[in-house]
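Asker:
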Amino acid sequence: MMGQLPSGACGVRILGTGSAVPDRRLTNDDFARMMDTSDEWITQRTGIRERRVLDLRTEGCSTLAQRALERAIEGAGIKAEELDFVIVATVTMEMTCPSVACRIAGAVGAKNAAAFDLGAACSGFVYALNTAEAMIRAGRARTIAVLGAEAMSSILDYTDRSVSILFGDAAGCAIIQADPDPTKGCIYQHMGADGSGWHALYIPRRESDVPAEDADNPIRLGSLRMNGKEVFRFAVTKFKEVMEDAFKKTSLTPDDVSQVICHQSNIRIIDAAREKLGIDSSKIYVNIDRYGNSSAGSVPLCLDELWRAGKITKGKPFMMVAFGGGLTWASSVWNT
Ligand code: COA
26 MMGQLPSGAC GVRILGTGSA VPDRRLTNDD FARMMDTSDE WITQRTGIRE RRVLDLRTEG
86 CSTLAQRALE RAIEGAGIKA EELDFVIVAT VTMEMTCPSV ACRIAGAVGA KNAAAFDLGA
146 ACSGFVYALN TAEAMIRAGR ARTIAVLGAE AMSSILDYTD RSVSILFGDA AGCAIIQADP
206 DPTKGCIYQH MGADGSGWHA LYIPRRESDV PAEDADNPIR LGSLRMNGKE VFRFAVTKFK
266 EVMEDAFKKT SLTPDDVSQV ICHQSNIRII DAAREKLGID SSKIYVNIDR YGNSSAGSVP
326 LCLDELWRAG KITKGKPFMM VAFGGGLTWA SSVWNT
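Have a look at this one:
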């Protein structure tokens with residue numbers, strides 16, 4: 026990570042983005058064939074119609090992360106050697122050692138990059154992006170690849186209808202770089218955590234990880250467990266709070282931003298926050314119908330789709346907001 030470092034005050038720009046999803050689709054009707062559920066129930070309660078799933082015999086989180094990174098490098102028009110850091114937000118790495126970041130940095134030839142994974146569940150990409158942006162502004166790095174990548178299908182118990190229907194696999198990447206214009210980059214960021222609520226969303230590995238009140242949960246060890254109602258309540262309140270805070274601190278109104286990219290958890294959660302804040306639906310990107318909730322992959326997947334469609338317009342700020350396990354939450358407002 027010893028490339029040429031910027032000196033003095035600098036801004037940060039997004040050079041390019043990339044994303045990747047598996048080819049395999051799992052539709053609501055596929056679930057209805059596997060368990061007692063229906064397309065109508067899932068669509069009405071969540072807005073999800075289908076999600077993508079990896080073939081876990083040969084693929085994993087690194088497969089998607091590498092593809093997203095390669096596409097972002099191509100989109101950014103840089104050489105892999107220019108990267109000072111590769112940071113991957115994930116909770117579904119194939120191995121805890123080595124990190125996904127090390128594996129994909131090696132695979133693409135980012136030989137000058139330091140690499141590490143960051144765990145903040147669904148808030149992971151926004152946490153990682155905020156961290157990376159601050160490193161560039163501090164002059165510690167010039168070019169960083171930030172990814173959110175998840176193989177959610179590797180931590181789901183597909184015999185349980187209450188959790189498995191919500192999630193899908195995806196990865197997204199943004200490559201950011203120091204820019205001489207200090208007004209460019211993140212103009213406001215906020216990150217928070219409330220560890221006292223961890224048991225609302227967790228992946229127990231051992232019996233002893235399971236709190237007494239969840240001892241009867243039929244979901245097997247190693248798979249994601251969730252108190253859907255508790256997470257729903259937390260999410261609706263937190264989404265509104267986090268967005269309200271970001272608008273207030275930046276003195277921006279919803280009309281001033283080109284897009285608000287929300288973590289794709291449930292269309293009802295997104296709509297509730299949008300309605301409370303009076304944001305027009307055209308400003309809030311939604312792809313949950315096609316991909317479900319891909320945890321840390323969801324915000325960068327939206328970002329890539331918007332970036333490639335030219336909807337992140339120059340000179341107009343955009344906002345990213347996420348919440349997730351931990352419990353965690355994060356916002357990031359960018360001037361492009
Ligand atoms: N198909 C059909 N019925 C289902 C079902 C499914 N896939 N999953 C649960 N049900 C049943 C329940 O068993 C329950 O039946 P009962 O009344 O006989 O006990 C009934 O539907 C209602 O369940 P409930 O949990 O009250 O549904 P809900 O309206 O709260 O919706 C979620 C469930 C999971 C969609 C909702 O709680 C949610 O979205 N929570 C937040 C999840 C989230 O965003 N997680 C990720 C955070 S990053």
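Heads up, the sequence shown is in the working numbering, so the first residue is 26 and it goes up one at a time.
Beta carbons are placed, not taken as given, at the ideal position from N, Cα and C, and that holds for glycine.
#1: CB Ser276 to CB Ser323, shorter than 9 Å?
#2: Can you name the residues that DSSP bridges to Arg250?
#3: If you count every other CB in all the chains shown that lies within 10 Å of the CB of Glu232, and 16 or more means buried, which is it?
#4: Quick one: is the Cβ of Val188 within less than 8 Å of any heavy atom of ligand 1?
#5: Can you tell me whether Ser320 is buried or exposed? The criterion is at least 16 other CB atoms within 10 Å of its CB, across all chains shown.
#6: Suppose only complete runs of 3+ residues qualify. What are the beta strand (DSSP E) ranges in the segment 42-85, listed by chain order?
#7: Does DSSP put Leu30 in a helix, in a strand, or in coil?
#8: Have a look at Asp80 and Met177 and give me their C-alpha separation to the nearest angstrom.
#9: According to the neighbour-count rule (16 or more other Cβ atoms, all chains shown, within 10 Å of its Cβ), is Thr91 buried or exposed?
#10: I'd like to know whether the C-beta atoms of Gln284 and Tyr310 end up nearer to each other than 9 Å.
#11: Is it buried or exposed for Asp109, if we count other Cβ within 10 angstroms and need 16 for buried?
#12: With a threshold of 16 other CB atoms inside 10 Å of the CB of Arg82, please say whether the residue is buried or exposed.
#13: With H, G and I counted as helix, E and B as strand and the rest as coil, what does DSSP make of Asn155?
#14: Where does Ala126 fall in DSSP's three states?
#15: Quick check on this structure: which residue in Ala93, Asp185, Thr156, Cys86 has the alpha carbon closest to the alpha carbon of Met120?
#16: Looking at the structure shown, is Cys147 part of a helix, part of a strand, or coil, going by DSSP?
#17: Determine the DSSP secondary structure at Val346, reduced to helix, strand or coil.
#18: Alpha carbon to alpha carbon, how far is Cys287 from Ala225? Give it in angstroms, no decimals.
#19: Excluding five sequence neighbours on each side, which residues of the same chain lie with their C-beta closer than 8 Å to the C-beta of Arg49?
#20: Assign Ser182 to one of three DSSP states: helix, strand, or coil.
#21: Please name the residue in Thr278, Asp234, Trp223, Asp329 whose C-alpha comes closest to that of Val256.
#22: Bridge partners of Gly173, per DSSP?
#23: Does the contact criterion of 3 or more C-beta pairs under 8 Å hold for the segment 183-195 versus the segment 340-360?
#24: Determine the DSSP secondary structure at Asp219, reduced to helix, strand or coil.
#25: Could you tell me how far apart the beta carbons of Ala105 and Ala135 are, in whole angstroms, since I believe they sit closer than 8 Å?
#26: If you reduce the DSSP assignment to three classes, tell me which class Asp204 lands in.
#27: Identify the residues that DSSP records as bridge partners of Ser357: which are they?
#28: Taking only heavy atoms of ligand 1 into account, decide whether any of them is closer than 8 Å to the Cβ of Cys147.
#29: With 16 other CB atoms within 10 Å as the buried threshold, where does Gln214 fall?
#30: Whole angstroms are fine: how far does the CA of Val358 sit from the CA of Ile7?
#31: Can you give the Cα-Cα distance for Ala93 and Glu65, rounded to whole angstroms?
#32: Ala140 to Ala170, Cα distance in whole Å?
#33: In this structure, how does DSSP classify Arg38 when only helix, strand and coil are distinguished?
Answerer: On the basis of the coordinates in this document:
#1: no
#2: Tyr227
#3: So Glu232 counts as exposed.
#4: yes
#5: Burial state of Ser320 is buried, judged by a 10 Å Cβ sphere holding 16 or more other Cβ atoms.
#6: 50-52, 75-77
#7: Because Leu30 carries a pLDDT of 49, less than 50, the predicted location of this residue cannot be relied on, and no value is offered for it.
#8: Straight-line Cα distance between these residues: approximately 12 Å.
#9: Rather than Thr, the amino acid found at residue 91 in this sequence is Gln. Buried, by the Cβ-count rule.
#10: yes
#11: Around the Cβ of Asp109, a 10 Å sphere holds 16 or more other Cβ atoms; the residue is buried.
#12: exposed
#13: Looking at Asn155 - three-state DSSP - the assignment turns out to be helix.
#14: helix
#15: Cys86
#16: helix
#17: strand
#18: Cα to Cα, Ala225 sits roughly 20 Å from Cys287.
#19: Excluding sequence neighbours, Arg49 sits near Arg77, Val78, Leu79, Asp80.
#20: Before going on, a small fix: residue 182 reads as Asp here, not Ser. Coil, per DSSP.
#21: Trp223
#22: Ala114, Gly197
#23: The segment 183-195, when compared against the segment 340-360, does not touch it at the 8 Å Cβ threshold.
#24: coil
#25: 4 Å
#26: strand
#27: Gln214, Met345
#28: yes
#29: buried
#30: Not covered by the structure: residue 7. The range shown for the chain is 26 to 361.
#31: Near 32 Å, if we compare the C-alpha coordinates of Glu65 and Ala93.
#32: Distance from the CA of Ala140 to the CA of Ala170, rounded to the nearest whole angstrom, comes to 10 Å.
#33: strand
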